[in-house]
Every structure is written in C-alpha cells, then in structure tokens.
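The next block holds one structure in the form of structure tokens; read it before the comments.
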Amino acid sequence: MSERLAVRKTYKLFIGGAFPRSESGRSYVVNSSKGEFLANASKASRKDARDAVTAARKAFPGWSAATAYNRGQILYRVAEMLEGRRAQFVAELVDADGVGVRKAGELVDAAVDRLVWYAGWSDKIGAIRGSANPVAGPYFNLSSTEPTGVVAVVAPGEGPLLGLISVIAPVIVTGNTCVVVASERAPLPSVTLAEVLATSDLPGGVVNILTGSAAEIAPWLAGHMDVNAIDLTGAGAELAVTCEELAAENLKRVLRPPTAKIDWLADPGTDRMTAFLETKTVWHPIGT
Amino acid sequence: MFEYAPAPESRDIVDIRPSYGLFINGEWVDPLGEGRDKTVNPASEEVLAEVAVAGEADVDRAVQAARKAFAVWSAMPGSERAKYIFRIARIIQERARELAVLESLDNGKPIRESRDVDLPLVAAHFFYYAGWADKLSYAGFGPSPQPLGVAGQVIPWNFPLLMLAWKIAPALACGNTVVLKPAETTPLTALAFAEICRQADLPPGVVNIVTGAGETGAALVAHPDVDKVAFTGSTEVGRLIARSVAGSRKKLTLELGGKAANIVFEDAALDQAVEGIVNGIFFNQGHVCCAGSRLLVQESVAEELLDALKRRLSTLRLGDPLDKNTDIGAINSAAQLAKIRELSEAGEAEGAERWSPACPIPDKGFWFPPTIFTGVAQSHRIAREEIFGPVLSVLTFRTPAEAVEKANNTPYGLSAGVWTEKGSLMLWMASRLRAGVVWSNTFNKFDPTSPFGGYKESGYGREGGRHGLEAYLAV
C-alpha cells in the first residue's frame, strides 16, 4: 500500500471573520528556516488593507461596547482554542523558526499564558488608569479609559506566534479592533492563529490579519484616514520613519519600534495596552 | 439693558518695559540676530513693547542652558524641586492682579476672565504639580520614573499664562528643564514669568523663555537635543510637528483644535443651558480650542431655546477688556479677525442665516460681535472648521442617536457638552461621544486635578491630574 498523500492547507488572509485570498491574486513562497518550501502565502495588496480597515471599523462599535467581562472571556476562549492546537503550533514553529520541539513548546505555552494574562486585564485596566478627580468645586469629575479605535499593527518579524499574540492581545482586550501585518518571513502561524480566532467567539473584524510585504502594506495603513493608531513594533527603522510621517496626517497615535530587541518571554507590563487607550473626563455639577 | 458706568481696572499696576530680550540661563540676553517684533494691545492697537525674535542660534543657546541645568534639576531631591514650584505658585498668587491686567492688555480678554479664571487656575496648576514632585514613585509609572530631559514647549495666544502653567508645572515637577516659546502676539506674561523664576531663585537654565513666531517654534521642535515636545495650537501645525519628530526618540504630546458639539435635549433646564451655551462659545471671545462651537438642539425646543439665547446675547457687553463689566473683549489679532470674518462670510454664502445683537463696536482695535448662525447643515464650513471666534453654528436633531451621529461627525474630538435632566441619557451620551472631555449640565470647566486632552485629530496626551505626568516621564 502506498503512503497516503497529505491534504495541504491553503494559507489565506483573515478579513472580517472570513478567509479570502488576496484580491490581487498574488501569493509568495514561504520557506522554512532551512530553506525548504512550506507553502504559498497570500500577498496582500492595498485593496486588501483597505478592506481590512473597513472590517475593523465595522466591528469597532460592537466590540468596544461589549462588557469588559465579555471581552475577557473571549480572550480566555482564544487561549483555550490555542491550547487545543498546541501540537500544530509546535510543528509550525519548528518549521518556521528552526527552533527545537522543546523550545517551540515553551513558546506556544507562553503564548497561551500571555492570552490568559491579558484576558484578566479587560476589567482591571480601567481601575488602574482611570480616576475620580478631586476638583476644586461642586462637580463630580471622573476620568475613564476608552479604546482608541482601529489600530494598525506591524507585527514583529521574530516571534511568529508569541510575538504576534503579544502585540494583538493588548490592543483588542481594551476594545480596539485591529489590522495586523503578520511577520513577512514566517507568516504561516498567523494564518493558523486566525483559525483559532475564528472559532473563539471573537466577532468577525475585531482582528484582521494580512500576510505579505510589510514595506508595501504598512504605509497604506499608516496613511489611512480611518485608522486611529499604529503599532510599528515590527517595522524596520526606515519603514518606521515613513509610517510615522504618514501617520501625522490624521494624528494617529504611534507606538514606535523598540530601540533594543524585545524579550517576548519577559513581563510585558501595561504599556502596550495604554498606548491605545484614550482618557475621557466627564464633569457634572453636584447640587440639590 | 442697564447702562453701567465704566469700571476700568487700573493698568498702573503693571510695569511694561519698552523692550525685552530672551530669558536664557537665568539672564536676560539680546538675541544674536537683528529680529525684533512688536506686541500690541488688540483693544487699542497700541504697541505695548518690542520683543526679541529668537533665531536658531538663540534656540540652541537656550537648549544648551536647559541641558546643563537638567543635570542639577533632575538630581535634586523631589522634595526640594517641590518647594521651588510651590514658591512659584505663591509668587503668582501675590502678583495675580498685576498678571491679570497684563494678560488682558496683551491678549484682549476681559479682566473678569483673566482675574477670575486664568490667574486662579495658573496658581492652582503650579500648586498641584508641586505636590507631585516628591511623590512620583506613587504615580503608577513604576518605582522610580525618570524625567525625559529638555522639554521644548510651544504655546498659543488664547490663554497665554495658563498654557504656560499647563506646560511648565508638570515638566518641572517630573525633573525636566524647559525651553518655552510663547505665542508671538502674547509674549508679555511669559516674560513676566521669567522674572518670577528669578524671584523664586530657580536655578538658572531650568526655565528658558524664547520669543518669536513660527520659525522660532520650528527651530525649537527640531532641535536635536530636545527630548520632549509639547505643543498646544492648531491641528495644522500639530501635523507638521508630528511629521518633523518622526524617526526621532522625542516624546510628543499635542493639544490641538476642536469643533465641540454642545447638545441640548428637550428636558434640559433651558435657562441653565442658555448660560452654558453662552459660556461655551463666548467665553474668551470663542478663542478656546474646546469651545462649544456647534449647538445641537432637539427640534422640539429649538425655537424656545434660540429665543432665550438671543435675549441673553443682547445683554452681553462688548468693549474695553480692562472694564470689569465687560463680557466680550477684543479679538486677539488682525489676522484672527480676518479668519473669523472669512468663515462667517462663508457661512452666509453657503446659506446659513446670520444673527448678531445690536452691539456697538469700538473704533480702534479688533472686534467681532457675538454671532449665531441658524439653518446650518453639517456640510457647511462653519459646521466643520474651527472658527476660534465668537461664532455659534446651530443645528437640530430629533433622537439621541442622531445627536451622537452629528456630534461625532468631525475629525476633531476634544470636548462635548450634554444638557439633560435625565441621568441615564446623560451617561449614555457621555459614553458615546468621541471626545476627551464631556461637560454635562456645565461647560468650559477646568481644574489641575482633571485630565484634559483630545481624541482623534484634536491631538494626544493629557494635561492635568496624575495622567498629565506621563507626558514628562520616560515611561
């Protein structure tokens, strides 16, 4: 009996909860760290980026108005789904990153744990970043956090799963929606992550994932007038400057790329959440 | 209207020098270039003083002085820094009357406002942030948050000394040193503040004041040894600054324009709402980034509210800013007056109906009567562009959802107002308005403990409160 031929997966984009190919019809070859062919990934175009922004904008009112408890539960659900696919992600990381099975396992575990960590923040970040302000007058005065809106995320080239989770989770847990440009070199785990997201009760459009050339897509997102913020963590120095300049057009909030290599296993702190939060202050007179 | 006898505040209390240099490293110095500018009283067009125009080399001197002082100031125990800032707050209180008169002379705002709003808030802001200087490790930014270094700060002409306070107080409390550029039409209270720094024995170089116009500001923002840029002004200039710091490690906060909706529901206490609308758009001649320049009124009460509003406007007194009876002072500059006129003419040309009370206008100076436009469509320029003058655009709505939709239909997001007696509706509105400050059943209230700043193209970062520290710490 001959050996069974495997059924391979087609790696596509993730936009508005669906898995379309790039409207441009383009794809690019993704090799393993050893240079062996892994798959043809979709190569997203400007049109795909714009479609993804439209989907993210459409999802924003619902997701930002969901209760913090609900968002926390959904992020926890993502962690559950990720845990269930542990073996698949380990295999993908071994291929994509050239790490050993043991190391890949550690990275997947850390990614699951990171989701659980962020899930718990959904109904706590407001308590540590908001305030009741003791103004000098008869007024009730309260400052609370609100999500910034649609956030474009240039995911890090390194850390195709843990790095990716570590930039997506802090953006969405507070109620933002996002368009993510995945690692160009190792995009396949991002597409598998999209399958996890699609089966985790996360409303379509909250996370949209594009694969392809960051240098090509990120400037379209940086200059898009319906994007409110951009995370340039994965943008190289030159691309980051281009994007920051374009982002000035509608005063996007910009998270610049790090000056030193990020240790994704370290305690992430709250900065990635607060970078995409607004503070709203409400006044009301007190009287009889 | 009652006839009041004039009750002018005496200007003898202020001592304006004929000419001012730059305040660098604790000393008054002449600019290296020949540049000189004049600042005028917008109510009389009288020249008040000649002021230096700082060139690139002057800005460089100021930044170097601030850099040198940073070593001293940032190493000083927070409790000592606090005492310097408390001293400044106290001197401002002691000289409040003088500073209020000076502000009204140079800016054109009514003395009632500079005396009762600007100056008390200036002193309070320094007093508030002084207290933070030795408590930064409790502020929620880690156990030992560090200052950024030299802050380059560029401020507008609408609240000259108050904007200086919003910039300098948190910067110093966090251990930064500053180079501040006041607006070219209102430099005098910043220059008086330089004297206050000397009276407080503030170490030289901790605060440097460079005067000049846009080019001076651009040189300051672009200086490679500036670590932090803080700007309050137009969205247009904010964009240029955001672009110019791209690729640097400079931390940037921007407080830019606005086109706030002031929303009145049919169940609101209409008399109070009228007062709030007047305060929202005619306070400080409408030269307020968070001014309630779009009145959204529920259709069922539109007529009643507008009648009451027009009656109220007829009682406003426009004239001498130093007169204690004056409600509306002078427009800050000829250029700003031209801009207000141009947009008002566009409002008429686009089909909105214009109304102003009978209002005598002084012969000299820059003046614009309080003006209301009714029948305004969302597409009109007067409903979309910041006028920054005493001009109110009135639109109507039927349902709360429509009010939210119209209020948020702007690239700006600085402030909003809601008038209703129904608590649940107020909170529903407040949670849906995309604006950094929501005033409900009040308007244009400010406090040093209360974070202020915008969403969207109104800028980023917050000034005031614990939140305001973040802009000046390496976090």
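Residue numbers (UniProt numbering), protein chains in the order written: chain A, 1 to 288; chain B, 1 to 475. Each residue gets a CB set at the ideal place from its N, CA and C atoms; glycine is no exception.
- Which residue from PHE368/B, LEU296/B, GLY351/B and GLU353/B puts its Cα closest to that of CYS359/B? Distance check between CYS359/B and each of PHE368/B, LEU296/B, GLY351/B and GLU353/B places PHE368/B closest, using alpha-carbon atoms only.
- Relative to the alpha-carbon of LEU75/A, which residue among VAL94/A, ARG114/A and LEU265/A has its alpha-carbon at the smallest distance? Closest option to LEU75/A, judged by alpha-carbon separation, among VAL94/A, ARG114/A and LEU265/A: ARG114/A.
- Which residues in the same chain as LYS364/B place their Cβ atom closer than 7 angstroms to its Cβ, once the five residues preceding and following it in sequence are excluded? Closer than 7 angstroms at Cβ, skipping near neighbours: SER44 and GLU45.
- Query: How is ALA230/B classed by DSSP in three states: helix, strand or coil?
  - Reply: In the three-state scheme derived from DSSP, where H, G and I count as helix and E and B as strand, ALA230/B is classed as strand.
- Between the C-alpha atoms of GLY72/A and VAL78/A, what's the straight-line distance to the nearest angstrom? Here the alpha carbons of VAL78/A and GLY72/A stand approximately 10 angstroms from one another.
- Task: Kindly indicate the opening and closing residues of the beta strand (DSSP E) around LEU295/B.
- Result: Note, LEU295/B: beta strand (DSSP E), 294 to 298.
- Task: Label ARG102/A either buried or exposed according to how many other C-beta atoms from any shown protein chain fall within 10 Å of its C-beta, with 16 as the threshold for buried.
- Result: Under the 10 Å beta carbon count, ARG102/A is surrounded by fewer than 16 other beta carbons and is classified as exposed.
- Item | Three-state secondary structure assigned by DSSP to ASN70/A | Looking at ASN70/A - three-state DSSP - the assignment turns out to be helix.
- Message: Just to confirm my understanding: we take ARG86/A, look at its own chain, exclude 5 residues before and 5 after, and list those with CB closer than 6 angstroms. What are they?
- Response: Answer for ARG86/A: VAL108, listed in chain order.
- Message: Check whether chain B comes within 9 angstroms of ASP271/A, counting only Cβ atoms and requiring the distance to be less than that.
- Response: For ASP271/A, a Cβ of chain B is located within less than 9 angstroms of the residue's own Cβ.
- Sub-9 angstroms separation of LEU255/A and ASP231/A beta-carbons: Here LEU255/A is near ASP231/A, since their CB atoms are less than 9 angstroms apart.
- Query: Which partner residues does ILE372/B have in the DSSP bridge list?
  - Reply: Partner(s): TRP355/B and LEU392/B.
- chain B partners of TYR139/A, CB-CB under 9 angstroms? Here the neighbours are THR442, LYS445, ASP447 and SER450.
- Query: Which of the three DSSP states, helix, strand or coil, is assigned to TYR189/B?
  - Reply: According to the sequence provided, residue 189/B is Thr. The question's Tyr does not apply to it. In the structure shown, THR189/B sits in a helix (DSSP, three-state: H, G or I).
- Kindly identify the DSSP beta-bridge partner or partners of CYS289/B. As DSSP reads the structure, CYS289/B sits in no beta bridge.
- Tell me the DSSP bridge mates of PHE397/B? Partner residues in the beta bridge of PHE397/B, as assigned by DSSP, are GLN298/B.
- Query: Okay, do the region 438 to 454 of chain B and the region 119 to 130 of chain B touch, 3+ Cβ pairs below 8 angstroms being the bar?
  - Reply: In short, these stretches touch, since the Cβ pair count reaches three.
- Query: By how many angstroms is the C-alpha of GLY204/A removed from the C-alpha of TYR455/B?
  - Reply: The straight-line gap from Cα to Cα measures roughly 25 angstroms.
- Taking VAL180/A and ILE209/A to be in contact with their CB atoms under 8 angstroms, please state how far apart those CB atoms are, rounded to whole angstroms. Contact between VAL180/A and ILE209/A holds, with the beta-carbon distance rounding to 5 angstroms and staying under 8 angstroms.
- Message: Would you say GLU457/B lies against chain A (beta-carbon separation less than 9 angstroms)?
- Response: Interface flag for GLU457/B against chain A is set, since a Cβ pair is found closer than 9 angstroms.
- Please check if any C-beta of chain B sits within less than 9 angstroms of the C-beta of ASN40/A. Under the 9 angstroms criterion on CB atoms, ASN40/A is classed as non-interfacial with respect to chain B.
- Around the C-beta of PRO147/A, are 16 or more other C-beta atoms found within 10 angstroms, so that it is buried, or is it exposed? The C-beta of PRO147/A has 16 or more other C-beta atoms within 10 Å across all chains shown, which makes the residue buried.
- Task: With a threshold of 16 other CB atoms inside 10 Å of the CB of ASP97/A, please say whether the residue is buried or exposed.
- Result: A buried status is given to ASP97/A, since no fewer than 16 other beta-carbon atoms sit within 10 Å of its beta-carbon.
- Task: Assuming ALA215/A contacts PHE276/A (C-beta within less than 8 angstroms), just tell me the rounded distance between them.
- Result: Going by Cβ atoms, the distance from ALA215/A to PHE276/A rounds to 23 angstroms, so no, they are not a contact pair.
- Message: Alpha carbons only, please: which of ALA237/A, PHE60/A and ARG272/A is nearest the one belonging to ALA169/A?
- Response: Nearest C-alpha to ALA169/A: ARG272/A.
- Beta-carbon proximity check, LEU99/B vs SER114/B, cutoff 9 angstroms: Less than 9 angstroms divides the Cβ of LEU99/B from the Cβ of SER114/B.
- Message: Counting C-beta neighbours from all protein chains within 10 Å, is the total for ARG311/B 16 or more, i.e. buried, or is it exposed?
- Response: Counting C-beta atoms within 10 angstroms of its own C-beta, ARG311/B has fewer than 16 neighbours from the protein chains shown and is therefore classed as exposed.
- Per-residue contacts from GLU245/A into chain B (C-beta, under 7 angstroms): Neighbours of GLU245/A on chain B, chain order: ARG243 and ALA246.
- Exposed unless 16 or more other CB atoms sit within 10 angstroms - verdict on TYR472/B: Taking a 10 Å sphere around the C-beta of TYR472/B, we find 16 or more other C-beta atoms and assign the residue as buried.
- If we ignore side chains and look at the alpha-carbon of each, how far apart do LEU119/B and GLU215/B end up? Rounded to whole angstroms, LEU119/B to GLU215/B spans 29 angstroms at the Cα level.
- Message: If the cut-off is 8 angstroms on Cβ atoms, which residues from the region 42 to 64 of chain A count as contacting chain B, listed in chain order?
- Response: Contact residues of the region 42 to 64 of chain A toward chain B are absent (C-beta to C-beta distance below 8 angstroms).
- Throw me the rounded Cβ distance for the ARG239/B and LEU395/B pair, which I believe falls under 8 angstroms. The beta-carbon separation of ARG239/B and LEU395/B, rounded to 27 angstroms, does not stay under the 8 angstroms limit for a contact.
- Sequence-distant residues of its chain with Cβ nearer than 7 angstroms to SER356/B (five each side left out): Answer for SER356/B: PRO369, PRO370 and THR371, listed in chain order.
- Nearest-angstrom Cα separation, counted from ALA334/B out to THR39/B: Taking the straight line joining both Cα atoms gives about 12 angstroms.
- Query: With 16 as the cutoff for other CB atoms within 10 Å, does LYS228/B come out buried or exposed?
  - Reply: Counting the other Cβ atoms within 10 Å of the Cβ of LYS228/B gives 16 or more, which makes it buried.
- Any non-hydrogen atom of the ligand SAM closer than 8 angstroms to TRP166/B Cβ: In the structure shown, the ligand SAM is absent, as is every other ligand, since no ligand is present at all.
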